[in-house]
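Enquirer:
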Amino acid sequence: MSPFLTNITNLTEEKSKILNKITNLTEEKSKMLNKITNLTEEKSKMLNKITNLTEEKSKILNKITNLTEEKSKMLNKITNLTEEKSKMLNKITNLTEEKSKMLNKITNLTEEKSKMLNKNTNLTEEKSKILNKITNLTEEKSKMLNKITNLTEEKSKILNKITNLTEEKNKMLNKITNLTEEKSKMLNKITNLTEEKSKMLNKITNLTEERNKILTNITNLTKERDQLQEKNKGKYK
Numbered sequence: 052m053s054p055f056l057t058n059i060t061n062l063t064e065e066k067s068k069i070l071n072k073i074t075n076l077t078e079e080k081s082k083m084l085n086k087i088t089n090l091t092e093e094k095s096k097m098l099n100k101i102t103n104l105t106e107e108k109s110k111i112l113n114k115i116t117n118l119t120e121e122k123s124k125m126l127n128k129i130t131n132l133t134e135e136k137s138k139m140l141n142k143i144t145n146l147t148e149e150k151s152k153m154l155n156k157i158t159n160l161t162e163e164k165s166k167m168l169n170k171n172t173n174l175t176e177e178k179s180k181i182l183n184k185i186t187n188l189t190e191e192k193s194k195m196l197n198k199i200t201n202l203t204e205e206k207s208k209i210l211n212k213i214t215n216l217t218e219e220k221n222k223m224l225n226k227i228t229n230l231t232e233e234k235s236k237m238l239n240k241i242t243n244l245t246e247e248k249s250k251m252l253n254k255i256t257n258l259t260e261e262r263n264k265i266l267t268n269i270t271n272l273t274k275e276r277d278q279l280q281e282k283n284k285g286k287y288k
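Numbering (the numbering used here), first residue to last: 52 to 288.
1) Are there 16 or more other CB atoms within 10 angstroms of the CB of Leu84, so buried, or fewer, so exposed?
2) Would you report the Cα separation of Glu233 and Thr214, rounded to the nearest angstrom?
3) Comparing alpha-carbon positions, which option in Ile241, Lys164 and Glu247 lies nearest Lys114?
4) Do Leu202 and Lys150 have their C-beta atoms within less than 8 Å of each other?
5) Expressed to the nearest angstrom, what Euclidean distance is found between the alpha-carbon atoms of Lys68 and Leu279?
6) Determine the direct distance from the alpha carbon of Met97 to that of Asn253, and round the result to whole angstroms.
7) Exposed or buried, which one is Leu182 when buried takes at least 16 other CB atoms within 10 Å?
8) Is the separation between the beta-carbon of Ile199 and that of Met153 shorter than 8 Å?
9) With the cut-off set at 8 Å, would you say Lys128 and Ile157 are in Cβ contact?
10) What separation, rounded to the nearest whole angstrom, lies between the Cα atoms of Asn187 and Asn211?
11) Measuring CB atoms only, is the stretch 89-107 touching the stretch 253-265, in the sense that at least three cross pairs come out at less than 8 Å?
12) Taking C-alpha atoms, which residue in Ser137, Ile143, Thr189 and Asn145 lies nearest to Glu162?
13) Between Thr105, Asn239, Pro54 and Lys208, which lies nearest to Lys248 when the distance is taken from Cα to Cα?
14) If you draw a straight line from the C-alpha of Thr231 to the C-alpha of Asn117, how long is it?
15) Would the stretch 222-229 and the stretch 69-88 be scored as touching if the rule is three or more Cβ pairs under 8 Å?
16) Is the separation between the beta-carbon of Glu93 and that of Leu258 shorter than 8 Å?
17) Please confirm whether Lys124 and Ile209 have their CB atoms less than 8 Å apart.
18) With a 10 Å radius around its C-beta and 16 neighbouring C-beta atoms as the bar for buried, classify Leu70 as buried or exposed.
19) From Asn263 to Lys250, what distance separates their C-alpha atoms?
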């Protein structure tokens, strides 16, 4: 074979190799572009998920605010119930003192009645006056006993009301405990959401860096392909 034909054969083989290399570079570039597309989609999904996490965190914070306000209202109500209970206890104390005074007065009336009955007199008028006075004392005693009965009933009602207030206070304290536990759970959930959001942001950063590297590789591949194409053209001019 002549040197000329040998040279043409070598050039043809070299051209074929260069074209194959260009084809491979083009395929590799296409794969990298597809990978960039996938990375972009994944990044978009993560950003959407972060948005959802942020909205969920905002909702939880609003709920915690509402729970805190409700807890504050209940504590205020408990304070009012405690004050009302204290007032009722004071009223019971006053009623007890008043009842004691009336009992003392009844005792005095009874003693006075006994003295009058024991008093011997022959005067009819004086006897009549004394009997009338005894009758009045008896009526007054009866009224006082009725008043004591009413005071006792009122005291019983107040004690029942205090019992109800105490039960209501205990229920509110239990509800506050539940609200506090719920608030604690929500704060823990917010912490977890924040950590998850942070991990996603880190992943997005890594995806962005990987995408930039791929773009750099594509740029380099494109330059290499262009150089090969120029080299190929130069040889066959």
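Note that beta-carbon positions come from the ideal geometry of N, C-alpha and C, so glycine has one too.
Expert: A quick look at the data gives this:
1) If you number the sequence shown from 1, residue 84 lands on position 33. Counting other Cβ atoms within 10 Å of its Cβ, Leu84 stays below 16 and is therefore classed as exposed.
2) In the sequence shown, the residue the question calls residue 233 occupies position 182. In the sequence shown, the residue the question calls residue 214 occupies position 163. Their backbone Cα atoms lie some 29 Å apart in a straight line.
3) If you number the sequence shown from 1, residue 114 lands on position 63. Distance from the Cα of Lys114 is smallest, within the candidate group Ile241, Lys164 and Glu247, for Ile241.
4) For the purposes of this step, residue 202 is taken as the residue at position 151 of the sequence shown. For the purposes of this step, residue 150 is taken as the residue at position 99 of the sequence shown. Yes, they are a contact pair.
5) By one-based count along the sequence shown, residue 68 stands at place 17. By one-based count along the sequence shown, residue 279 stands at place 228. One C-alpha to the other measures close to 10 Å.
6) Locating residue 253 in the sequence shown gives position 202, where the first residue counts as 1. Locating residue 97 in the sequence shown gives position 46, where the first residue counts as 1. Straight-line Cα distance between these residues: approximately 11 Å.
7) Here residue 182 refers to the residue found at position 131 of the sequence shown. By the Cβ-count criterion, Leu182 is exposed, with fewer than 16 other Cβ atoms from all chains shown falling within 10 Å of its own Cβ.
8) As a position in the sequence shown, residue 199 is number 148, starting the count at 1. As a position in the sequence shown, residue 153 is number 102, starting the count at 1. Yes, they are a contact pair.
9) Here residue 128 is taken as the residue at index 77 of the sequence shown, counted from 1. Here residue 157 is taken as the residue at index 106 of the sequence shown, counted from 1. Taking 8 Å as the Cβ cut-off, Lys128 and Ile157 do not qualify as a contacting pair.
10) Numbered from its first residue, the sequence shown carries residue 187 at position 136. Numbered from its first residue, the sequence shown carries residue 211 at position 160. Rounded to the nearest whole angstrom, the CA to CA distance from Asn187 to Asn211 is 36 Å.
11) Between the stretch 89-107 and the stretch 253-265, the count of C-beta pairs closer than 8 Å reaches three or more; the two stretches touch.
12) In the sequence shown, the residue the question calls residue 162 occupies position 111. The shortest C-alpha separation from Glu162 is found at Thr189.
13) The count along the sequence shown starts at 1 and reaches residue 248 at position 197. Ranked by Cα distance from Lys248, the first of Thr105, Asn239, Pro54 and Lys208 is Thr105.
14) The count along the sequence shown starts at 1 and reaches residue 231 at position 180. The count along the sequence shown starts at 1 and reaches residue 117 at position 66. Near 12 Å, if we compare the C-alpha coordinates of Asn117 and Thr231.
15) Too few Cβ pairs lie closer than 8 Å, so no.
16) As a position in the sequence shown, residue 93 is number 42, starting the count at 1. As a position in the sequence shown, residue 258 is number 207, starting the count at 1. Contact annotation: Glu93 and Leu258 have beta-carbon atoms nearer than 8 Å.
17) As a working mapping, residue 124 is identified with position 73 in the sequence shown. As a working mapping, residue 209 is identified with position 158 in the sequence shown. It is not a contact, given that the beta carbons lie outside the stated cut-off.
18) Walking along the sequence shown from the start, residue 70 turns up at place 19. Exposed is the call here.
19) Residue 263 sits at position 212 when you count from the first residue of the sequence shown. Residue 250 sits at position 199 when you count from the first residue of the sequence shown. As the crow flies, the alpha-carbon of Asn263 is around 20 Å from that of Lys250.
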